[in-house]
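Input: a single structure, listed below in structure tokens.
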Amino acid sequence: MSIALNTSGVNLSSFAGAKCWMSHSDGFRHILRAQELANWIHAPPEIFGHRKMYERKNYPQLNHTNFWKNKGIIFFKDGWGATDHIDIWNGSELKGGETVYFSSDWKELWFWQLT
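If you read the sequence shown in this note's numbering, its first letter stands for residue 8, the second for the next number, and so on.
Set out below in structure tokens:
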């Protein structure tokens, strides 16, 4: 996710979280922790807008069809134990191509709709 943001020109210099020790050819070091990146994206709403947050206990049937035709950034909190995932949603699938993340045992789902 951080590589996509960097490639599209988003200034990540204010991100203070964990990054990979190894640099890409342009000197960029990708961000390691999805939660830290999601918190950073959430902090200034004037850049990415306001997130919508869904708790699994309140939305037990929520799945990928609820976001059909909406594009944005999506974050799955605690989907696999303590593991999170952040990705790009193109209106029908995640950049990784899997909708299985929606079926995981996530506790919260955050969504930033982008136009």
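Even for Gly, the Cβ is constructed at its ideal location relative to N, Cα and C.
Residue i in three-state terms, based on DSSP
{"i": "E105", "result": "coil"}
{"i": "F83", "result": "strand"}
{"i": "L44", "result": "helix"}
{"i": "F35", "result": "coil"}
{"i": "F22", "result": "coil"}
{"i": "L69", "result": "coil"}
When the options are compared against residue i, the one with the closest alpha-carbon
{"i": "G98", "options": "H57, N46, T72 and E115", "result": "T72"}
{"i": "K78", "options": "E62, R58 and Q68", "result": "R58"}
{"i": "Y66", "options": "T14, Q120, W113 and W119", "result": "W113"}
First through last residue of the alpha helix (DSSP H) which encompasses residue i
{"i": "H92", "result": "Run containing H92: none in the alpha helix (DSSP H); it sits in the beta strand (DSSP E), T90 to W96."}
{"i": "K53", "result": "Here residue 53 is Glu; the residue named in the question, Lys, does not match the sequence. Run containing E53: P52 to F55, per the alpha helix (DSSP H) assignment."}
Cβ-Cβ distance between residue i and residue j below 8 Å
{"i": "W47", "j": "G16", "result": "no"}
{"i": "W96", "j": "F55", "result": "no"}
{"i": "I93", "j": "A50", "result": "no"}
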